[in-house]
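Visitor:
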Amino acid sequence: MIVAESFAPQVNGVAHSVLRAAEHLVARGHVPLVVAPAARRHRGVRPEEVSGYDVVRVPSVPLPGYPEVRIALPGRQVADAIARHRPHVVHLAAPFVLGATGGAAAGRAGIPVVAVFQTDLAAYARTYLPLARNAGARLAWWQLRRVHAATRTLAPSRASLHALEAQGVPRVHLWPRGVDCVRFHPRHRDEPLRRSLGPHGEVLVGYVGRLAAEKQIDRLAEVSRIPGVRLVIVGEGPCRSRLEAALPDAVFLGIRTGQQLARLYASFDVFVHAGPFETFGQTIQEAMASGLPVVAPAAGGPLDLVRPARTGFLVPPGAPGGFRDAVERLARDRDLRTELGRAGRAAVADRSWEAIGDRLIDHYRLAIAETTLPTSVP
485 MIVAESFAPQ VNGVAHSVLR AAEHLVARGH VPLVVAPAAR RHRGVRPEEV SGYDVVRVPS
545 VPLPGYPEVR IALPGRQVAD AIARHRPHVV HLAAPFVLGA TGGAAAGRAG IPVVAVFQTD
605 LAAYARTYLP LARNAGARLA WWQLRRVHAA TRTLAPSRAS LHALEAQGVP RVHLWPRGVD
665 CVRFHPRHRD EPLRRSLGPH GEVLVGYVGR LAAEKQIDRL AEVSRIPGVR LVIVGEGPCR
725 SRLEAALPDA VFLGIRTGQQ LARLYASFDV FVHAGPFETF GQTIQEAMAS GLPVVAPAAG
785 GPLDLVRPAR TGFLVPPGAP GGFRDAVERL ARDRDLRTEL GRAGRAAVAD RSWEAIGDRL
845 IDHYRLAIAE TTLPTSVP
């Protein structure tokens with residue numbers, strides 16, 4: 485059973501990874517059940533079938549100031565779902581509120597728990613609680629230590645693994661994310677789309693992700709002002725109107741998914757990501773699979789993904805002009821863009837969701853083996 489703090493139709497890294505994990509479990513003959521906050525006002529908790537597995541929606545409320553994020557309300561839904569589904573293992577995806585309930589219910593039932601760390605909530609507290617940033621970060625880590633007192637905790641990057649261990653979280657293991665190298669591929673480059681975004685032959689620099697404060701997209705203003713460069717922003721979030729005012733030369737496209745998103749990635753010339761709090765950086769992998777050189781902060785997940793001067797450039801967080809200098813270098817050198825883009829695609833070619841999903845199932849089996857279960861596992 486996967487207890488997720490976020491799930492489709494929400495568009496974010498947590499929801500996407502849960503979706504892919506559940507799909508892979510079905511493909512491998514397992515029987516997943518997903519428990520997640522309802523995307524809107526929701527009466528009842530009857531399971532709904534999605535792509536061969538059931539989803540239980542827990543009543544939720546919108547996060548103040550960011551209504552796209554839903555917070556599950558307390559209740560017995562998780563414990564009841566465990567009693568009905570009788571899982572061999574409970575997977576907590578980015579656990580915090582609903583995940584704490586799921587971990588406690590699994591513990592009472594004697595079921596092993598695999599907790600997947602995906603969101604740097606302490607960094608979010610420092611961003612959104614400026615008047616109590618240190619107290620908020622300490623409170624966030626206190627809660628994270630509680631919910632990650634699991635049979636196994638899986639970290640998406642080495643930086644996240646070291647941060648968890650430094651905070652006293654036990655039994656931490658590395659589990660990265662996969663990428664669909666068929667959907668995200670350079671062959672989807674669309675010249676008419678490129679002309680519509682850069683009618684004067686501009687070098688297209690793309691960002692894909694949520695438009696939220698912690699992403700620090702305003703730091704890309706220096707990129708949007710480079711002559712001959714057009715910054716294209718794909719995504720939605722509470723900061724959109726402020727960012728449109730701060731980056732008047734950028735193109736804002738809103739959310740794009742599926743084949744539309746794949747064409748956009750492949751039609752960019754450079755991918756840029758400014759947020760220093762990424763525990764992994766899924767959009768960076770998608771850009772690399774699309775054959776793009778990447779410019780990203782030298783912090784968190786990008787440290788595992790971007791090889792400086794081989795697949796892109798890493799910018800010291802907070803360095804004035806760092807993003808501008810890196811993008812300018814790539815904008816004026818087509819051959820360098822091609823070289824780094826090809827190397828980036830080669831670097832992610834073996835990171836399929838199938839391979840990563842099998843590694844997740846291995847973690848499940850090891851967690852089961854490390855726990856005494858009341859029933860045997862075939």
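Counted the way my numbering counts, the sequence shown spans residues 485 to 862.
Every residue gets a Cβ at the ideal spot worked out from N, C-alpha and C, and that includes glycine.
(1) Can you give me the C-alpha to C-alpha distance between residue 598 and residue 570, rounded to a whole angstrom?
(2) Use the C-beta contact count for residue 575: other C-beta atoms within 10 angstroms, 16 or more gives buried, fewer gives exposed.
(3) When the Cα of residue 764 is compared with those of 607, 609, 783, which residue comes out closest?
(4) Rounded to whole angstroms, what is the Cα-Cα separation between residue 521 and residue 643?
(5) Which of the three DSSP states is assigned to residue 517 in this structure?
(6) Hey, is the segment 624-636 in contact with the segment 723-731, meaning 3+ C-beta pairs nearer than 8 Å?
(7) Closest by CA to residue 564, which one among 542, 611, 552?
(8) For the segment 741-748 against the segment 846-857, do three or more pairs of beta-carbon atoms, one drawn from each stretch, fall closer than 8 Å, so that the two count as touching?
(9) From this set, 772, 595, 618, which residue's C-alpha is nearest residue 606's C-alpha?
(10) With distances taken from CA atoms, which of 756, 705, 672 is nearest residue 742?
(11) Under 8 Å between the Cβ atoms of residue 692 and residue 718?
(12) Judging by CA-CA distance, which residue of 516, 585, 500 is the nearest neighbour of residue 767?
(13) Compare the Cα-Cα distances from residue 686 to each of 698, 818, 583, 774 and report the closest residue.
(14) Can residue 517 and residue 538 be called in contact, C-beta distance under 8 Å?
(15) Is it buried or exposed for residue 684, if we count other Cβ within 10 angstroms and need 16 for buried?
(16) Where does residue 803 land, buried or exposed, given buried means 16+ other C-beta within 10 angstroms?
(17) When burial is assigned at 16 or more other CB atoms within 10 Å of the CB, is residue 830 buried or exposed?
(18) Of the residues 588, 490, 736, which one's Cα is nearest the Cα of residue 863?
(19) Please classify residue 625 as buried or exposed, where buried requires at least 16 other C-beta atoms within 10 Å of its C-beta.
(20) With a threshold of 16 other CB atoms inside 10 Å of the CB of residue 551, please say whether the residue is buried or exposed.
(21) Hey, residue 661 and residue 840: beta-carbon distance below 8 Å or not?
(22) Give the list of continuous alpha helix (DSSP H) stretches no shorter than 4 residues that lie fully inside the segment 719-806.
(23) If you run the structure through DSSP and keep just helix, strand and coil, what is residue 842?
(24) Can you list, in chain order, the stretches of the beta strand (DSSP E) that have 3 or more residues and sit fully within the segment 603-674?
(25) Assuming residue 590 contacts residue 712 (C-beta within less than 8 Å), just tell me the rounded distance between them.
(26) Considering only residues of the same chain and omitting the five flanking positions on each side of residue 503, which have a CB-CB separation below 6 Å?
(27) For residue 545, count neighbouring C-beta atoms within 10 Å of its own C-beta (all shown protein chains included) and say buried if the count is 16 or more, exposed if not.
(28) Just to confirm, are residue 704 and residue 756 a CB contact at a threshold of 8 Å?
(29) Which of helix, strand or coil does DSSP assign to residue 508?
(30) Tell me which residues share the same chain as residue 688 and place their Cβ nearer than 7 Å to its Cβ, disregarding the 5 neighbours each side in the sequence.
(31) What does a CB cutoff of less than 8 Å around residue 813 pick up in its chain, not counting 5 residues either side in sequence?
(32) Since residue 620 and residue 519 are thought to touch, with beta carbons under 8 Å apart, how far apart are those beta carbons, to the nearest angstrom?
Guide: Walking through what the data contain:
(1) Taking the sequence shown and counting its residues from 1, the one referred to as residue 598 is at position 114. Taking the sequence shown and counting its residues from 1, the one referred to as residue 570 is at position 86. In a straight line, the C-alpha of residue 598 is about 16 Å away from that of residue 570.
(2) The count along the sequence shown starts at 1 and reaches residue 575 at position 91. Buried.
(3) Indexing the sequence shown from 1 puts residue 764 at position 280. It is 783 whose Cα lies nearest to the Cα of residue 764.
(4) Against the sequence shown, residue 521 aligns to sequence position 37. Against the sequence shown, residue 643 aligns to sequence position 159. So the alpha carbons of these two residues sit roughly 29 Å apart.
(5) To locate residue 517, count along the sequence shown from 1; it is residue 33. Per DSSP, reduced to three states, the secondary structure at residue 517 is strand.
(6) no
(7) If you number the sequence shown from 1, residue 564 lands on position 80. Looking at the Cα atoms, 542 is the closest of the given residues.
(8) no
(9) By one-based count along the sequence shown, residue 606 stands at place 122. Sorting 772, 595, 618 by C-alpha distance to the C-alpha of residue 606 places 618 at the top.
(10) Walking along the sequence shown from the start, residue 742 turns up at place 258. The residue with the shortest Cα to Cα distance from residue 742 is 672.
(11) Position 208 of the sequence shown, counting from 1, holds the residue named residue 692. Position 234 of the sequence shown, counting from 1, holds the residue named residue 718. Yes; because the gap between Cβ atoms is below 8 Å, this pair is in contact.
(12) As a working mapping, residue 767 is identified with position 283 in the sequence shown. It is 500 whose Cα lies nearest to the Cα of residue 767.
(13) Start at 1 with the first residue of the sequence shown, and residue 686 comes out as number 202. Answer by Cα proximity: 818.
(14) Counting from one through the sequence shown, the residue named residue 517 turns up at place 33. Counting from one through the sequence shown, the residue named residue 538 turns up at place 54. Yes, Cβ-Cβ distance for residue 517 and residue 538 is below 8 Å.
(15) As a first step, residue 684 must be located in the sequence shown, where it is residue number 200. Taking a 10 Å sphere around the C-beta of residue 684, we find fewer than 16 other C-beta atoms and assign the residue as exposed.
(16) Along the sequence shown, read from residue 1 onward, the residue named residue 803 stands at position 319. Residue 803 should be labelled exposed.
(17) As a working note, residue 830 is residue 346 in the sequence shown. Exposed, by the Cβ-count rule.
(18) For residue 863 there is no data in the structure shown, the boundaries of the chain being 485 and 862.
(19) Start at 1 with the first residue of the sequence shown, and residue 625 comes out as number 141. Result: buried.
(20) Taking the first residue of the sequence shown as position 1, residue 551 is located at position 67. When all chains shown are included, residue 551 counts as exposed.
(21) Within the sequence shown, the letter at position 177 stands for residue 661. Within the sequence shown, the letter at position 356 stands for residue 840. It is a contact, given that the beta carbons lie within the stated cut-off.
(22) Counting whole runs of 4 or more residues, the segment 719-806 contains the alpha helix (DSSP H) stretches 724-730, 742-751, 766-773, 786-789.
(23) Reading the sequence shown from its first residue, position 358 is the one you call residue 842. Helix at residue 842.
(24) 636-639, 656-658
(25) Counted from its first residue, the sequence shown places residue 590 at position 106. Counted from its first residue, the sequence shown places residue 712 at position 228. Between residue 712 and residue 590 the Cβ distance is about 55 Å, and since that is not below 8 Å, they are no contact.
(26) Position 19 of the sequence shown holds residue 503. So the qualifying residues of the chain are 492.
(27) Position 61 of the sequence shown, counted from the first residue, corresponds to residue 545. Exposed: under 16 other Cβ atoms inside 10 Å.
(28) What you label residue 704 is simply residue 220 of the sequence shown in a count that begins at 1. What you label residue 756 is simply residue 272 of the sequence shown in a count that begins at 1. Cβ atoms of residue 704 and residue 756: closer than 8 Å.
(29) For the purposes of this step, residue 508 is identified with residue 24 of the sequence shown, where counting begins at 1. Residue 508 sits in a helix when the DSSP states are folded into three classes.
(30) Locating residue 688 in the sequence shown gives position 204, where the first residue counts as 1. Around residue 688: 678, 681, 682, 714, 716, 751, 752, 753.
(31) Position 329 of the sequence shown holds residue 813. Excluding sequence neighbours, residue 813 sits near 797, 820.
(32) Here residue 620 refers to the residue found at position 136 of the sequence shown. Here residue 519 refers to the residue found at position 35 of the sequence shown. Contact doesn't hold; Cβ gap of about 27 Å is too wide.
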